[in-house]
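**Student:** The structure that follows is given in the form of structure tokens.
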Amino acid sequence: MIKLKRRAFLAGTSAALILPALPVFAADFKEADILKTKVSSGTLPALKDRLPENPLVVKPVESVGKYGGDWNMALVGGGSLSMLFRYQAYEPLLRYTPDWSGVTLNVAESFEGDADSKVYTIRLRKGMKWSDGHPYTTADIKFWYDTVFTDKRVAFVGQDHWKSGGKPAKLEIVDEQTFKVTFDKPNGLFPLQVAWANNDQTTRTPKHYLEQFHIDFNPKADELAKQRGFESWIASFQAAAGFQDDNAFFLNSSKKPCVHAWMFTIAPGENTERAVAERNPYYWKVDTEGNQLPYMDRIVYQMVADPQVLLLKAMQGEVDLMDQYIATPNNKSVLYDAREQGGYDFYTLTSTEANVMNFIFNLNHNDETKRKLFRNKDFRAALSTALDRQSLIDAVLVGQGAPAQPSIKKEDPLYNEQLATQFTAYDVDKANAMLDQIVPKRDDQNFRLDEKGRRLTIIFEIDQARAVFLDLFQLVIPMFQAVGIDAQMRSMDRSLWETRVRQGRDFDATAHQFGANGGVAAMLDPRYYVPTDANAMYAPAWQLWYRDRANANAEEPPESTKNQLALYDKLKATSDASGQREVMKQILQGAADNFYVFGISLPPDGYGIVKNNMKNITKIMPNSFGWPTPAPTMPEQFYKV
């Protein structure tokens, strides 16, 4: 049973803490000078009228900060907007603790579960407001439930943490601040899943803004849709809500109210060179001296074409804090040498990913011949055996790592040796012998032929911003060719990759990095162990079957995968930690037996760069999208000197 009511659930002292509400501040709240000016001119209400009755109180990492300055950041390519959850858009009902040992209160003032983990009672902060000053209440929760979560016309897929046994939870509105969520079956993971990077849509659905696009609230929604360039209100509402994917949520979003510390005034898509987010005057957090957060005035994102451009900007001191896309093993020595020039130093990222690079074959390929071949476990095992992992580690990862499959780290209680080590021994002769049993025929250039007599060509479609992947594939392709596979790499902008791979069925294969290698993270993001969501790119149709069996693109998986999915349902229904671990061990053994994907090495600890004038930075933190680095350390309390 979980019960969080105005108290901290945090371990350690080297991170920003969420403290009990301190109502004694009420007469002496303080704000940035830029907001004082607006209050004086009458364009903004007084601070006491902008904060909730019980603002969330944050104890800074090092010290109470000072107002002002820009946080200079960058976005790479056209499809990296999910990064924004890491920097400015992580405000769920509950948030993860800085050490990722659990959750703590955030937008929710209290969050209580019953003994069976079936009924959760959640209370919002009275007087909390959206960034345009409109009240944030349970009316917004109900609007989300009615128009996004359960409206079949709009047909958003996802929000599986709001379901049990395939059925949506029931929502009961108690009053303006309180609502209840009731599941048919126990849902012990619900609090942990609410805190996942981009899961919680209940804090991102402003009814007063979005209702203009929905036909049930605006009879002229179709007319408005056509004015906006859409064929119908449905497409218009989908775009405005933005829940199809993370890019859609942030694109052209400067008019959409939010509860974030910074709100876009120039959103991605509205300018080709930069995006700008300015302080939210209605932000609902204060520090221990009653100063309204955030400290920094703005976040300024430069829009850069590729990681090399970003690397140069970082070396020149144009980036205040970042790790994504630039903090690669090969870049570390270059960045180290440029520390004085750029005025920055390093912070440490503890590894949480399942592998440095995962090879993902499309087991639901539209091409029947390729589909049959890719589903053959021995075929995948043969290609895994063809990889000289140590050479890849030495050449690209500068010797950091050891051969391993996507798996759990050895020191974790969930570690499974078979999952971690099978098919990692490099043996070209063995790989060829295995493939000879499956695709024995070859053409005059010694490439293997498939059942239809076609050269066995496998195109790996790769996000071009992943520099490590591109370097690895320069060495991987000859290894696959050495066993008769015409392997090729096709790199592309992230936005095209999202369309082709995450949303497609025609791609042969891809590579990706994330997933989780232990503990809570592995249970919440088991993408390589069981196909529960769109991150399981090896099984796009099977994960759809799990999430929405009525979907036209869903496909019933084989029995072994159905067993995995049934175990995951059992995990979600288990509320005690020891029981969850035991079920997760069964899932991991099933993953070892199914061998869906393969990899190169468990990642070593990583790093990021932070300018020397940035304060309240946590120097060691997890590296994950689910724990959206560095958001759980509360960027709203970062400041500059």
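Note that the sequence shown covers residues -26 to -1, 1 to 615 in mature numbering (1 follows the signal peptide of the UniProt record, and there is no 0).
Even glycine gets a Cβ: it sits at the ideal position worked out from N, Cα and C.
Are the beta-carbon atoms belonging to ARG555 and SER54 less than 7 Å from one another?
**Tutor:** no
**Student:** Kindly indicate which residue of GLU533, TYR110, MET331 has the alpha-carbon position closest to the one of PHE434.
**Tutor:** Of the listed residues, the one whose Cα sits closest to PHE434 is MET331.
**Student:** With C-beta atoms as the reference, is LEU409 less than 7 Å away from VAL457?
**Tutor:** yes
**Student:** Could you tell me which residues DSSP puts in a beta bridge with THR431?
**Tutor:** THR431 has ASP460 as its beta-bridge partners, per DSSP.
**Student:** Which of the three DSSP states is assigned to GLY553 in this structure?
**Tutor:** helix
**Student:** Just confirm the distance between the C-beta atoms of CYS161 and ALA526, as a whole number of angstroms; I'd bet it's less than 8 Å.
**Tutor:** Checking the sequence shown, residue 161 turns out to be Asn, not Cys. The pair is not a contact, with the Cβ atoms about 28 Å apart (cut-off 8 Å).
**Student:** What residue from ILE412, ARG313, ILE459, PHE217 has the CA that sits closest to ARG349's CA?
**Tutor:** Among ILE412, ARG313, ILE459, PHE217, the Cα nearest to that of ARG349 belongs to ILE412.
**Student:** Determine the direct distance from the alpha carbon of ASN336 to that of PHE397, and round the result to whole angstroms.
**Tutor:** 19 Å
**Student:** Rounded C-beta distance between TYR257 and LYS40? I'm assuming under 8 Å.
**Tutor:** Incorrect: roughly 17 Å between the Cβ atoms, too far for contact.
**Student:** Any idea which residues DSSP pairs GLY582 with across the strands?
**Tutor:** TYR321
**Student:** When you compare only the Cα positions, how much space is there between THR(-14) and VAL77?
**Tutor:** In this predicted model, THR(-14) has a pLDDT of only 30, less than 50, meaning its place in the structure is not dependable enough to derive any value.
**Student:** Please report the distance separating the alpha-carbon of LEU30 from that of SER15.
**Tutor:** 28 Å
**Student:** Helix, strand or coil, according to DSSP, for PRO606 in the structure here?
**Tutor:** helix
**Student:** According to DSSP, is ALA17 part of a helix, a strand, or is it coil?
**Tutor:** It is worth fixing the name first, because residue 17 is Thr in this sequence and not Ala. Coil.
**Student:** Comparing C-alpha positions only, which one of PRO602, MET608, LYS614, ASP311 sits nearest to ASP297?
**Tutor:** PRO602
**Student:** Can you tell me which residues form a DSSP beta bridge with ARG523?
**Tutor:** DSSP lists no bridge partner for ARG523.
**Student:** So what's THR246 in DSSP terms, helix, strand or just coil?
**Tutor:** Reduced to three states, the DSSP call for THR246 is coil.
**Student:** Please report the straight-line C-alpha distance between MET237 and PRO596, rounded to a whole angstrom.
**Tutor:** 26 Å
**Student:** Helix, strand or coil for GLN276, going by three-state DSSP, please let me know.
**Tutor:** GLN276 falls in the strand class under three-state DSSP.
**Student:** Could you name the residues that DSSP lists as bridge partners for TYR613?
**Tutor:** LYS589
**Student:** Confirm, please, whether the CB-CB distance from LEU166 to LEU371 is below 7 Å.
**Tutor:** no
**Student:** Going by other Cβ atoms of all chains shown within 10 Å of its Cβ, with 16 needed for buried, is VAL615 buried or exposed?
**Tutor:** exposed
**Student:** Measuring CB to CB, does VAL571 end up less than 7 Å from ILE367?
**Tutor:** No.
**Student:** Is PRO578 near the ligand FMN - that is, is its Cβ less than 6 Å away from at least one heavy atom of it?
**Tutor:** Absence of the ligand FMN from the depicted structure is noted, as is the absence of any ligand whatsoever, leaving it without description.
**Student:** Taking only three categories from DSSP, how would you classify PHE211?
**Tutor:** helix
**Student:** Given SER228, which residues of its chain have a CB within under 7 Å of its CB, disregarding the five upstream and five downstream residues?
**Tutor:** PHE238, THR239, ILE240, ALA241, GLU244
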